[in-house]
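K.L.:
Going down the list, the sequences are from chains U and W. In this text, residue positions in the first sequence follow full-length UniProt numbering: the first is 1, and each later residue adds one. In this text, residue positions in the second sequence follow full-length UniProt numbering: the first is 1, and each later residue adds one. Here a beta-carbon is modelled for each residue, glycine too, at the ideal position from N, C-alpha and C. Quick one: the structure is below, and I'll ask about it shortly.
There are 2 protein chains.
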Amino acid sequence: MKDVAARAGVGLKTVSRVVNEEPGVTPETSARVQAAIDALGFRRNDSARLLRTRRTASVGLVLEDVADPFYAALSRAVEDVARAHGALLFTGSSAEDPRREQELVLAFCARRVDGLVVVPAGDDHRYLLPEIAAGVATVFVDRPAGRLDADVVLTDNAGGTRLGVEHLIAHGHRRIGFIGDQPGIHTAGERLRGYRAAMEAAGLPVRPEWYAMGPTTPERVRAALDAMLSGPEPVTALLAGNNRVTVTAVRVLWNRPDPVALVGFDDFELADVLDPPVTVVAQDAPGLGRAAAQQLFRRLDGIAPEEPSRVELPVRLIARGSGEIPPPR
Amino acid sequence: MKDVAARAGVGLKTVSRVVNEEPGVTPETSARVQAAIDALGFRRNDSARLLRTRRTASVGLVLEDVADPFYAALSRAVEDVARAHGALLFTGSSAEDPRREQELVLAFCARRVDGLVVVPAGDDHRYLLPEIAAGVATVFVDRPAGRLDADVVLTDNAGGTRLGVEHLIAHGHRRIGFIGDQPGIHTAGERLRGYRAAMEAAGLPVRPEWYAMGPTTPERVRAALDAMLSGPEPVTALLAGNNRVTVTAVRVLWNRPDPVALVGFDDFELADVLDPPVTVVAQDAPGLGRAAAQQLFRRLDGIAPEEPSRVELPVRLIARGSGEIPPPR
DNA sequence: CTAGAGATGGACAACGTTGTCAGGAACAGG
DNA sequence: CCTGTTCCTGACAACGTTGTCCATCTCTAG
């Protein structure tokens, strides 16, 4: 910029004015400066600019894994909102590791991002208190923060499993199984809660081998399925607590002679091409990302109420076939 | 930092030394500074730091759409390599729009990212010349840059379709169709080239209605399929040029009485759960991202040869059933 | 002709760091 | 006691911008 000023024979500030299209520069001066800019291939250094203005026009997004289709969709929605507000996006995957999440978040904060959208991994986010106090707007998404009162955008997880169970009950099932993720994960706990609530509300018992919570590796899911299908009171329908469970369940149920009804939590591509097509409780991943990012920018623009907001997005049941299989006999 | 220095009763530079763990500070001084840092909740401002050191420890990633599983996987691989090198990642989706790509790239450059990994959208990337001259390391991935000689990491697209066609020929097919994306997209052109080459090498003709290039919307794919299946010499096998084509093809072929062999380009989740399971030519998305990011950091570390490198990653044919269907009779 | 207003331009400090360099204390050797 | 060496420490400039403020110039009106 110094060089441009020298070449155009004007002051530093005048160049700044031209670059920022501020008023108060005659067309001739402006043209001379433009020429110098082009000749020297000058590009404003936004880092320096942002150091001065104290707004970085960037937000950080921390989620579990960008490669996961659900988070990928969420991520894209956040990006679109950020772009609409002229902000760039830092992205990082925590891999469900609280330490890594904290590293990423603090690295973003050290870069002085204007705000953060976080899919929390751990259960204690008090480490963020100083940052929030320092003015970093923070919105949690998909799961609430631990020990911290902050904006959060969630899926109605309990309502989702309730919906799924009710759907199965409506199709005649009374022995319904549930396989969910590790209970430490908030969404998993909520989904289990919804399952229990729906069963209880219908006056149905829940036998201990009918539900299993834990890492959703294929082996474990297989084992849990075997257990609930082989006992004295085998389930006639399964509610799969997440995508990975659904996929494994499809693989296992595929090879069984007697059909078992299946409702999956979270939609996935090709669910309608399988045989039978898979009925799911669909979350709105882009909706989550959009809502979170919008809340973030509301905060940044100072047009959000002081107290933290909590939004729960509704789910949608998509009946495709697998959830409408009646119980045997 | 000024405040910390004042509170600890030391100079600015001493605080800087403590924060950066530089040698030459007595333990007592260091402890006093640490205490002040903790008391004030000080965090170094990396933006300022980077302005001074002229290394931003961040790289920009521009791709077509983070929500696409292929790019999501690629993105994650780039992120992992960046993290290993202590760099943060800016991400942006071009949505296949050259103007948007340029906007993103230039925004990243204005932030003075150390380097760029780009899935190019347009066909002219000379706008990057000044940036590259200014020292921004740039690696293109998935497609080469237009009118610009730069590092690039590609899938062996032509080899991939050749492999697919050869596989179908080996299973007795002689009338093989191909549906690909818009010919302007480099990967699409290469895949078409491989298809033609393999047919020619086998001494097989290619009738005009046997291949179609264009936007891969379900309607267009359906129409193309109809055309190649209903003519006087209908194809007995299809090579699908990308994921979207494969999915639509599965839906269409699903409902036909006479089986048509199918090989898809690019693997996808649940390909093995479909009936029949889908044979694919699998690309290595994480491999692309990893190779590109590694090349980027080799450049940044100055341990890459001057001239641009070009890497083509091999594909893998995964036979699952749909590609082994023999031709009728 | 002059005062005042409005337009235009530039000098300078500041943003929060780090690199350079020089000053001062402590210590050892003569 | 002096000198040289080593180790710590801090003052200062610099990175590339923008905000503030003041100087100058050109009008217009009285």
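So with CB distances below 7 Å, who are the chain W contacts of Asp65 (chain U)?
P.N.:
Reading the first sequence from its first residue, position 65 is the one you call residue 65 (chain U). Ordered by position in chain W, the residues that pass the 7 Å Cβ test against Asp65 (chain U) are Arg76.
K.L.:
Tell me, please, which residues DSSP counts as bridged to Leu262 (chain W).
P.N.:
Translated into positions along the second sequence, residue 262 (chain W) becomes position 262. Leu262 (chain W) is bridged to W:Leu238.
K.L.:
For Leu313 (chain U), I'd like the list of residues in its chain whose CB is within less than 8 Å of its CB, leaving aside the five on either flank, ordered along the chain.
P.N.:
Translated into positions along the first sequence, residue 313 (chain U) becomes position 313. Cβ within range, chain order: Val153, Leu154, Thr155, Asp156, Gln283, Asp284, Gly287, Leu288 and Ala291.
K.L.:
Would you grab the beta carbon distance between Leu104 (chain W) and Gly92 (chain W) for me? Rounded to a whole angstrom, and I think it's under 8 Å.
P.N.:
Here residue 104 (chain W) is taken as the residue at index 104 of the second sequence, counted from 1. Here residue 92 (chain W) is taken as the residue at index 92 of the second sequence, counted from 1. So it is a contact: roughly 4 Å between Cβ atoms.
K.L.:
By a C-beta neighbour count over all protein chains shown, 10 Å radius and 16 as the cutoff for buried, is Asn20 (chain W) buried or exposed?
P.N.:
One-based indexing of the second sequence puts residue 20 (chain W) at position 20. With fewer than 16 Cβ atoms within 10 Å of its Cβ, Asn20 (chain W) is classed as exposed.
K.L.:
Listed from N- to C-terminal order along the chain, which residues in the segment 123 to 141 of chain U have their beta-carbon within a distance smaller than 7 Å of any beta-carbon of chain W?
P.N.:
Those residues of the segment 123 to 141 of chain U that come within reach of chain W (Cβ to Cβ, closer than 7 Å) are Pro130.
K.L.:
Exposed or buried, which one is Gly203 (chain U) when buried takes at least 16 other CB atoms within 10 Å?
P.N.:
Here residue 203 (chain U) refers to the residue found at position 203 of the first sequence. So Gly203 (chain U) ends up on the exposed side.
K.L.:
Using only the heavy atoms of the ligand MN, determine whether one of them is closer than 7 Å to the beta carbon of Asp114 (chain U).
P.N.:
Looking at this structure, you won't find the ligand MN or any other ligand, since it has none at all.
K.L.:
Count the C-beta pairs between the segment 156 to 175 of chain U and the segment 223 to 242 of chain U that are closer than 8 Å, then say yes if the count reaches three, no if not.
P.N.:
The answer is yes - the segment 223 to 242 of chain U touches the segment 156 to 175 of chain U, with three or more Cβ pairs under 8 Å.
K.L.:
What is the rounded straight-line gap between the Cα of Arg196 (chain U) and the Cα of Gly146 (chain U)?
P.N.:
Against the first sequence, residue 196 (chain U) aligns to sequence position 196. Against the first sequence, residue 146 (chain U) aligns to sequence position 146. Distance between the alpha carbons of Arg196 (chain U) and Gly146 (chain U): 24 Å.
K.L.:
Check residue 331 (chain W) in the structure and name its three-state DSSP category.
P.N.:
As shown, chain W starts at 1 and ends at 329. That puts residue 331 (chain W) outside it, with no answer to give.
K.L.:
Counting beta carbon pairs with one atom in the segment 42 to 55 of chain W and one in the segment 110 to 128 of chain U, are three or more of them shorter than 8 Å?
P.N.:
Touching, yes.
K.L.:
For Val165 (chain W), which three-state DSSP category applies?
P.N.:
Here residue 165 (chain W) is taken as the residue at index 165 of the second sequence, counted from 1. In the structure shown, Val165 (chain W) sits in a helix (DSSP, three-state: H, G or I).
K.L.:
Given that a residue counts as buried once 16 or more other Cβ atoms are within 10 Å of its Cβ, and exposed if not, what is Gly24 (chain W)?
P.N.:
The residue labelled residue 24 (chain W) in the question sits at position 24 within the second sequence. Its Cβ having fewer than 16 others within 10 Å, Gly24 (chain W) is exposed.
K.L.:
Which whole-angstrom value is the C-beta distance of Thr187 (chain W) and Arg251 (chain W), which I expect to be below 8 Å?
P.N.:
By one-based count along the second sequence, residue 187 (chain W) stands at place 187. By one-based count along the second sequence, residue 251 (chain W) stands at place 251. Incorrect: roughly 23 Å between the Cβ atoms, too far for contact.
K.L.:
Can you give me, in chain order, the residues of the segment 28 to 48 of chain U that have a beta carbon less than 7 Å from any beta carbon in chain W?
P.N.:
Taking 7 Å as the Cβ-Cβ cut-off against chain W, the residues of the segment 28 to 48 of chain U that qualify are Gly41, Arg43, Arg44, Asn45, Asp46, Ser47 and Ala48.
K.L.:
Measure the beta-carbon distance from Val81 (chain W) to Ala293 (chain W) and round it to whole angstroms, keeping in mind my assumption that it falls under 8 Å.
P.N.:
As a working mapping, residue 81 (chain W) is identified with position 81 in the second sequence. As a working mapping, residue 293 (chain W) is identified with position 293 in the second sequence. Right, their Cβ atoms sit about 4 Å apart.
K.L.:
Using the rule of at least 16 other Cβ atoms within 10 Å of the residue's Cβ for burial, across every protein chain shown, is Trp210 (chain W) buried or exposed?
P.N.:
Looking up residue 210 (chain W) in the second sequence gives position 210. Trp210 (chain W) should be labelled buried.
K.L.:
Can you look up Phe42 (chain W) in the DSSP assignment and give me helix, strand or coil?
P.N.:
Position 42 of the second sequence, counted from the first residue, corresponds to residue 42 (chain W). In the structure shown, Phe42 (chain W) sits in coil (DSSP, three-state: anything other than H, G, I, E or B).
K.L.:
Take Leu296 (chain W) and list the residues in its own chain whose beta-carbon comes closer than 7 Å to its own, dropping the five residues that flank it on each side.
P.N.:
Start at 1 with the first residue of the second sequence, and residue 296 (chain W) comes out as number 296. Answer for Leu296 (chain W): Val59, Gly115, Val117, Ala137 and Val139, listed in chain order.
K.L.:
Is there a Cβ from chain U that is less than 8 Å from the Cβ of Phe70 (chain W)?
P.N.:
Within the second sequence, numbered from 1, the residue matching residue 70 (chain W) stands at position 70. By this cut-off, Phe70 (chain W) is not an interface position.
K.L.:
Can you find the residues in the same chain that come closer than 7 Å, C-beta to C-beta, to Gly319 (chain W), ignoring five residues on each side of it along the sequence?
P.N.:
If you number the second sequence from 1, residue 319 (chain W) lands on position 319. Before going on, a small fix: residue 319 (chain W) reads as Ala here, not Gly. Once the five neighbours on either side are set aside, the close Cβ partners of Ala319 (chain W) are Thr279.
K.L.:
Using a Cβ cut-off of 7 Å, pull out every chain U residue sitting near Leu50 (chain W), in sequence order please.
P.N.:
As a working mapping, residue 50 (chain W) is identified with position 50 in the second sequence. In chain order: Ser47.
K.L.:
What is the rounded straight-line gap between the Cα of Leu148 (chain U) and the Cα of Ile303 (chain U)?
P.N.:
Counted from its first residue, the first sequence places residue 148 (chain U) at position 148. Counted from its first residue, the first sequence places residue 303 (chain U) at position 303. Roughly 22 Å between the two C-alpha positions.
K.L.:
Say whether chain U places a C-beta atom closer than 8 Å to the C-beta of Ser93 (chain W).
P.N.:
Counting from 1 along the second sequence, the entry for residue 93 (chain W) is found at position 93. At least one chain U Cβ lies under 8 Å of Ser93 (chain W).
K.L.:
Give me, in chain order, the residues of the same chain whose beta-carbon lies closer than 6 Å to that of Ala212 (chain W); leave out the 5 immediate sequence neighbours on both sides.
P.N.:
As a first step, residue 212 (chain W) is located in the second sequence; it is residue number 212 there, counting from the start. Once the five neighbours on either side are set aside, the close Cβ partners of Ala212 (chain W) are Ile179 and Ala224.
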